[in-house]
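Since the structure comes first, as C-alpha cells, the remarks are kept for the end.
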Amino acid sequence: MAVAVGRPSNEELRNLSLSGHVGFDSLPDQLVNKSTSQGFCFNILCVGETGIGKSTLMDTLFNTKFESDPATHNEPGVRLKARSYELQESNVRLKLTIVDTVGFGDQINKDDSYRPIVEYIDAQFEAYLQEELKIRRSLFSYHDSRVHACLYFIAPTGHSLKSLDLVTMKKLDSKVNIIPIIAKADTIAKNELHKFKSKIMSELVSNGVQIYQFPTDEETVAEINATMSVHLPFAVVGSTEEVKIGNKMAKARQYPWGVVQVENESHCDFVKLREMLIRVNMEDLREQTHTRHYELYRRCKLEEMGFEDTDPDSKPFSLQETYEAKRNEFLGELQKKEEEMRQMFVMRVKEKEAELKEAEKELHEKFDLLKRTHQEEKKKVEDKKKELEEEVSNFQKKKAAAQLLQSQAQQSGAQQTKKDKDKKNASFT
Amino acid sequence: MEPMRQSPSPCSSRPSSPRTLPCETLGYVGIDAVLDQLKIKAMKMGFEFNIMVVGQSGLGKSTMVNTLFKSKIWKSTALDLETPIPQTLKLQAVTHIIEEKGVKLKLTVTDTPGFGDQINNDKCWDPILGYINQQYEQYLQEEILITRQRHIPDTRVHCCVYFVPPTGHCLRPLDIEFLQRLSQTVNVVPVIARADSLTIEERESFRRRIQHNLRTHCIEVYPQKCFDEDINDRILNSKIRDRIPFAVVGADREHLVNGRCVLGRKTKWGIVEVENLAHCEFPLLRDLLIRSHLQDLKDVTHNVHYENYRVCRLNESHQLPRGPGWVNLTPTPGGPPATPQTSKLRQQAQDDSEDDEEC
Numbered sequence: 001m002a003v004a005v006g007r008p009s010n011e012e013l014r015n016l017s018l019s020g021h022v023g024f025d026s027l028p029d030q031l032v033n034k035s036t037s038q039g040f041c042f043n044i045l046c047v048g049e050t051g052i053g054k055s056t057l058m059d060t061l062f063n064t065k066f067e068s069d070p071a072t073h074n075e076p077g078v079r080l081k082a083r084s085y086e087l088q089e090s091n092v093r094l095k096l097t098i099v100d101t102v103g104f105g106d107q108i109n110k111d112d113s114y115r116p117i118v119e120y121i122d123a124q125f126e127a128y129l130q131e132e133l134k135i136r137r138s139l140f141s142y143h144d145s146r147v148h149a150c151l152y153f154i155a156p157t158g159h160s161l162k163s164l165d166l167v168t169m170k171k172l173d174s175k176v177n178i179i180p181i182i183a184k185a186d187t188i189a190k191n192e193l194h195k196f197k198s199k200i201m202s203e204l205v206s207n208g209v210q211i212y213q214f215p216t217d218e219e220t221v222a223e224i225n226a227t228m229s230v231h232l233p234f235a236v237v238g239s240t241e242e243v244k245i246g247n248k249m250a251k252a253r254q255y256p257w258g259v260v261q262v263e264n265e266s267h268c269d270f271v272k273l274r275e276m277l278i279r280v281n282m283e284d285l286r287e288q289t290h291t292r293h294y295e296l297y298r299r300c301k302l303e304e305m306g307f308e309d310t311d312p313d314s315k316p317f318s319l320q321e322t323y324e325a326k327r328n329e330f331l332g333e334l335q336k337k338e339e340e341m342r343q344m345f346v347m348r349v350k351e352k353e354a355e356l357k358e359a360e361k362e363l364h365e366k367f368d369l370l371k372r373t374h375q376e377e378k379k380k381v382e383d384k385k386k387e388l389e390e391e392v393s394n395f396q397k398k399k400a401a402a403q404l405l406q407s408q409a410q411q412s413g414a415q416q417t418k419k420d421k422d423k424k425n426a427s428f429t
Numbered sequence: 001m002e003p004m005r006q007s008p009s010p011c012s013s014r015p016s017s018p019r020t021l022p023c024e025t026l027g028y029v030g031i032d033a034v035l036d037q038l039k040i041k042a043m044k045m046g047f048e049f050n051i052m053v054v055g056q057s058g059l060g061k062s063t064m065v066n067t068l069f070k071s072k073i074w075k076s077t078a079l080d081l082e083t084p085i086p087q088t089l090k091l092q093a094v095t096h097i098i099e100e101k102g103v104k105l106k107l108t109v110t111d112t113p114g115f116g117d118q119i120n121n122d123k124c125w126d127p128i129l130g131y132i133n134q135q136y137e138q139y140l141q142e143e144i145l146i147t148r149q150r151h152i153p154d155t156r157v158h159c160c161v162y163f164v165p166p167t168g169h170c171l172r173p174l175d176i177e178f179l180q181r182l183s184q185t186v187n188v189v190p191v192i193a194r195a196d197s198l199t200i201e202e203r204e205s206f207r208r209r210i211q212h213n214l215r216t217h218c219i220e221v222y223p224q225k226c227f228d229e230d231i232n233d234r235i236l237n238s239k240i241r242d243r244i245p246f247a248v249v250g251a252d253r254e255h256l257v258n259g260r261c262v263l264g265r266k267t268k269w270g271i272v273e274v275e276n277l278a279h280c281e282f283p284l285l286r287d288l289l290i291r292s293h294l295q296d297l298k299d300v301t302h303n304v305h306y307e308n309y310r311v312c313r314l315n316e317s318h319q320l321p322r323g324p325g326w327v328n329l330t331p332t333p334g335g336p337p338a339t340p341q342t343s344k345l346r347q348q349a350q351d352d353s354e355d356d357e358e359c
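Residue numbers (the UniProt record's numbering), protein chains in the order written: chain A, 1 to 429; chain B, 1 to 359.
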C-alpha cells in the first residue's frame, strides 16, 4: 500500500549545521563494540606444493603452534583440510580458519588439481547463499566460512611461474582474493630475487590473472598500500624456532653460514606480508569477498537457476513471476508427457487386442478345419465299415450256401454209402 | 542439494564452530588493528538513521526533534487559524546530513501530522503501519535482486518515538491500540510529552501507571527484554526500562541562567531547563537514542523486525495471485512452494495482507 509521503528528492539533501554537541560521534565506537562482542571471522586458504612451508608460515604469522602433522607425498588427489582456531588479543576475538591444500602438485597428472580448491570455495559461497535465501535465517549469528584470502605459495625456482601455478591462479582469481608469495625465500639470492619477482608479475599480467589489489582509495592506508604493492609477490621465510641474536631471542633459521631473521625486513618480506594481511587490510579482504566475489557467485547461481531481474521489455520481473512461469512450464511439460504416455498406452492396448483377436480367429479356423477333417475321416470309416459289413454278409451267405451244399453232399454221400452198403449187403445175401 | 556434500575432501569441508580450538598467541600479532580498520570503513561510508515521531498535534514533536539534534530539522509548526487540521493522516519525511567530528549521519525524520486528531480515529495507525511495511518491502526488493547494489539504502524506520499526552491518569485506548500494533513491527520508545505540566510526584505515578498498562497489555517497548544478550546488557537495560517512559520537555530557544546559556522554556514562574536532569528527562532520551543505543536500534530493526517481515512475506507470497511477491527459495528447485507452517504465522500473514490489501 503506497502511503502518500511528502518526501523531498535526494538532491535536496542538505547539510545541516549543529548548534551544539549532539553526541553521535560515538557511533563508530558503538559499531565497533557490537562487532567485538560478536567476534570476527577470517578464513585463509593456503595453496602450494607439499613441503613448501605453508603450515610453518601460518604458525609464524599468528605466533602460535597450530598442531598439525606434515603431509606425505603419496596423496592420490588434492584434498582440502580446514581447521578452525579461536585467537584472542586484547579484547578482540578472532575465529581463524586455515584451509590447507594437501597433496597439491604431487600427482603425476595434475590436470584436475585445481578442481577441489574451486569446489571448496564454491561450496562455502553456496552455504552462505543457502542461508541467505532461507525464509527463517539467522545471518547475524552465522559462522562465515567463505575464504577471505588465498595465499598462493610459489616455489623458489628463480626462473618463472610453473604452468600449474598459472592455471590454478587463473581459475581462482575470480573467486577469491589471491596474494602470491614466494616461499622459502632464503634459497634465493637478492639479485635473483628481484628478477624473479618482476618475471612473476609480468607473467601474471600477461596471462590476465587478477591478484588482490591493496586498496588505495582511503587516505590513511593509501600510502602504505602503495609502497607495499611494489614488493609483490612477497618473498617470505617462516620459522617458529627462536635464535639468540644480539641479546634477544628472535624467530630465525640458523644455517652454518649465517642466520636468516624472519622479522628483519632486509632478510625477507615477512613483516610486509603480516602488515598487509592482518594489520592493514583484513577488513578490506573480508569486504571484497562479500561484495565482489560472493555477489558474482550469487548472480551466476541465480541466473543459472533461471531467475532474471528484467525481461526484454525492461519491465522489472519479480522472482515470483519467473518462478510461477517456470513452474507452469514444468507442469505443462509434465502434463504433455502424461498425455503422451496415456496415448501410447491406449495404442498398445489396442494393438494387443487386435493381436489377440486374430489369434482367436485363427484358433477358430483351425478348430473348424479339424472338425471337418474329422468328419471326413468318420465318413470314410463308415464307408469302409459298410463295405466290410457287406463283405461279411456276402461271406456269410456264401458260407451258408457252402454249408448247405456240403450237408446235401453229405446226405447224398451217406445215402450213397447206405445204398452201397445195402447193395453190398444185398449182394451178400 | 548442497554441492559441498559432494566435495571430494573426506573430512568436513565446512568448519563448524564447536571445533574451534582456543589458542594463545605467543606474541603480538596485530589482530586488534581490525577494529581501527572497521572504524575507518564506517566513517567513510557514513551512517544512516531513520526516526519517526508519532503523536497528536500540539504535543511538541517537531520541537523535540529539533532539540534532539540541535538543529532546525523542522520549522516548529505554529498553529495558524487559516491552515485547516489535516483531514487524513499524511506522513511527512525530511532528510538531512549532519556531521560531527568526522562522523556523517544521514538523518531522516518522519512526522505524522493528523494522528489521532479526527473525531473517529479508528484505524488511524494503518497509514503508519503501511509506511513502515513499505520501507521493509523496498529493502526486501533491493535485497532480492540478482544484481544488487553494494550498499542498499536503508530507509527502514529504526525507532518510533510515541508521544503520550500528559493527562496524568493512564494510557488511553488509542495509545494502547497503537502501541500494541506498532511494538511488533518497529522499536517503539514512548515518552511523556510536555512534562512540564506535571509535578515530579505526578510524573512518577503517571509513569508507574503507564508501565503497569504496558505490562497488562503485553506491549514490549524498546529496549525489549528478550534481546538482552548478556548480564551487562541486562543491567544497563533494566535501568532504562525502569525509567521508560521518559518525561521530556522540548525547547529550541536559549536563555541565560546563572551566566550559562541553556536551552529551556521560559515561563513566568521560572525557566525549565531541558538538559537538566532535575527538571526533565530529556538527557536520558537523548543518550538512549543517540549516544548509546543508536547502533543497537538499527541492529534490532535489521535482525529482528525486518527478518519477521521477510518471513511473513516469503511465506504468504504463494497465496497471492499473480503479482509482485516473493518466493521461497529454499533448496527445492522445481518443487511446489512450502506451505505456511503454523497457524500463528498465517494469522500474522493475514494481518499483513489486510494491511496491504490496497497494494
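From the three backbone atoms N, C-alpha and C, an ideal C-beta is built for every residue, glycine too. Bear in mind that the values here come from a model prediction, so they are computed numbers and not experimental data.
Check	Outcome
Mind checking the segment 45-75 of chain A against chain B and listing, in chain order, the residues whose C-beta falls within less than 9 Å of any C-beta there?	L61, F62, N63, T64, K65, F66 and E67
Which residues does DSSP list as the beta-bridge partners of P283(B)?	In DSSP, P283(B) forms no bridge with anything.
Alpha carbons only, please: which of I231(B), H212(B), G264(B) and L256(B) is nearest the one belonging to E242(B)?	A small correction: the amino acid at residue 242(B) is Asp; Glu does not occupy that position in the sequence shown. Measuring from the Cα of D242(B), the nearest candidate turns out to be H212(B).
Can you check which of these residues, F270(A), L273(A), D186(A) and H290(A), is closest to Y255(A) by C-alpha distance?	D186(A)
Near S84(A), what residues of its chain come up, given a Cβ to Cβ distance below 6 Å and the 5 sequence neighbours on each side ignored?	T97
Could you tell me which uninterrupted beta strand (DSSP E) segments, each at least 3 residues in length, are contained entirely in the segment 164-242 of chain A, listed from first to last along the chain?	178-182
Among D165(A), T373(A) and D100(A), which one has its Cα closest to the Cα of V147(A)?	D100(A)
Using C-beta distances below 7 Å, list every residue in its chain close to H302(B), excluding the 5 sequence neighbours before and after it, in chain order.	none
Scan the segment 137-166 of chain B for residues whose Cβ lies nearer than 8 Å to a Cβ of chain A and list them as they occur along the chain.	I144, L145, I146, T147, R148 and R150
Put D100(A) into one of helix, strand or coil per three-state DSSP.	strand
For E283(A), go through chain B and note every residue whose CB falls closer than 7 Å to its CB, in chain order.	V34, Q37, L38 and K41
Please compile the residues from chain A whose C-beta is within a distance smaller than 8 Å of the C-beta of D299(B).	K34 and F140
Just confirm the distance between the C-beta atoms of D112(A) and C41(A), as a whole number of angstroms; I'd bet it's less than 8 Å.	Not a contact, Cβ separation roughly 30 Å.
What does the Cβ neighbour count give for Q375(A), buried or exposed, with the cut at 16 atoms within 10 Å?	exposed
By how many angstroms is the C-alpha of K175(A) removed from the C-alpha of I121(A)?	7 Å
Quick check on this structure: which residue in S35(A), P116(A) and D106(A) has the alpha carbon closest to the alpha carbon of L94(A)?	S35(A)
Please report the residue range of the alpha helix (DSSP H) in which M249(A) lies.	Looking at the DSSP string, M249(A) is not in any alpha helix (DSSP H); the run it does join, the beta strand (DSSP E), is K248 to Y255.
Can you give the Cα-Cα distance for T417(A) and A401(A), rounded to whole angstroms?	23 Å
What do you get for N225(A), buried or exposed, if any count of 16 or more other CB atoms within 10 angstroms of its CB means buried?	buried
So, for L273(B): in the same chain, excluding its five sequence neighbours on each side, which residues have a beta-carbon less than 6 Å away from its beta-carbon?	Per the sequence shown, the amino acid found at residue 273(B) is Glu instead of Leu. Closer than 6 Å at the Cβ level, and outside the excluded window around E273(B), lie V262, G264 and H279.
Could you check what DSSP says for Q45(A) in three-state terms: helix, strand or coil?	According to the sequence displayed, residue 45(A) carries Leu and not Gln. L45(A) falls in the strand class under three-state DSSP.
With a threshold of 7 Å on Cβ separation, who are the neighbours of L277(B) within its own chain once the five nearest residues in sequence on each side are excluded?	P283
Leaving out five residues on either side along the sequence, give the residues of the same chain with a beta carbon under 6 Å from the beta carbon of M249(A).	E242
Return helix, strand or coil for Y142(A), following the three-state DSSP convention.	coil
What span of residues does the alpha helix (DSSP H) with T291(A) cover, start to end?	That residue, T291(A), is in no alpha helix (DSSP H); it is neither H nor E in DSSP.
According to DSSP, is L263(B) part of a helix, a strand, or is it coil?	strand
Any C-beta of chain B sitting closer than 8 Å to the C-beta of E329(A)?	no
Of all Cβ atoms in chain B, is any one closer than 8 Å to the Cβ of P215(A)?	no
Using only CA atoms, which one of S198(A), L27(A) and A82(A) lies nearest to P116(A)?	A82(A)
Can you check the segment 150-183 of chain B for any alpha helix (DSSP H) of at least 4 residues that lies completely inside it and give the ranges in chain order?	173-182
List, in order along the chain, the chain A residues whose C-beta lies closer than 8 Å to that of V29(B)?	L61, F62, N63, L87, E89, R274 and I278
Thinking just about the alpha-carbon of each residue, which of G58(B), V189(B) and G168(B) is nearest to the one in S197(B)?	G168(B)
Return the chain-ordered ranges of every beta strand (DSSP E) run that is complete within the segment 52-103 of chain A and spans a minimum of 3 residues.	79-89 and 92-102
Locate the alpha helix (DSSP H) running through A127(A), then write down its first and last residues.	Y114 to L133
For K70(B), decide whether its Cβ has a neighbour in chain A, counting only Cβ atoms nearer than 8 Å.	yes
Could you tell me if the beta carbon of P233(A) falls within a distance shorter than 7 Å of some heavy atom in the ligand FMN?	Ligands are entirely absent from the displayed structure, and the ligand FMN is therefore not among its contents.
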